[in-house]
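Residue numbers for the sequence shown follow the numbering used here, beginning at 72 and rising by one. Each residue gets a CB set at the ideal place from its N, CA and C atoms; glycine is no exception. Each remark here refers to the structure printed beneath this line.
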Amino acid sequence: MPAYVIAHLQDAAPHPEIAEYVERLPGTFQPFGGRYLVHMTQHEVKEGSWPGAVVMIGFPGIAEARAWWDSPEYREIAPLRSRHIDGDIIIVEGVPDGYTPTAAARAIRDAAGSV
């Protein structure tokens, strides 16, 4: 199953270290099969508040995403970002082909019945 690294980045002020991070980042995830799915594009907030920017990198699987995150190559450049940009970053596993939410809906109904 695919996996995704999703970054919600806020308060990104221009800085030379950010530029270096942006230039070097693809070279750290490409060896793990990673590729940009979303990178700093405009987004529309439909509910709630979502200040900042979104970056999403897709990987073939959760093992590859975790291996990239823990890799010496990424760990080396991560401070270039974290010193200058606040935000949240998650790794999440995707769903398999043909997935339907039937089991999830059943679990919600069961939990609601016990309330």
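Closer than 8 Å to chain B by CB, residue i
i	result
E135	Although the question refers to chain B, the structure presented lacks it and comprises just one protein chain.
Per DSSP, the bridge partner or partners of residue i
i	result
Y107	I128
H79	V125, D159
E164	A74
Rounded distance between the beta-carbons of residue j and residue i, thought under 8 Å
i	j	result
L151	Y92	4 Å
H110	V126	5 Å
CB of residue i within 8 Å of CB of residue j, strictly
i	j	result
G123	M72	no
A74	F103	no
I89	G105	no
A83	I156	yes
Q. Three or more beta-carbon pairs under 8 Å between the region 168–178 and the region 90–101, yes or no?
A. Under the Cβ criterion (8 Å, minimum of three pairs), the region 168–178 does not count as touching the region 90–101.
Q | Cβ pair count under 8 Å reaching 3, the region 149–169 against the region 74–85 | A | Contact between the region 149–169 and the region 74–85 is present, because at least three Cβ pairs lie under 8 Å.
Q: Just list the alpha helix (DSSP H) runs in the region 136–162, keeping only unbroken ones of 4 residues or longer that don't cross its boundaries, in chain order.
A: The qualifying runs are 143–153.
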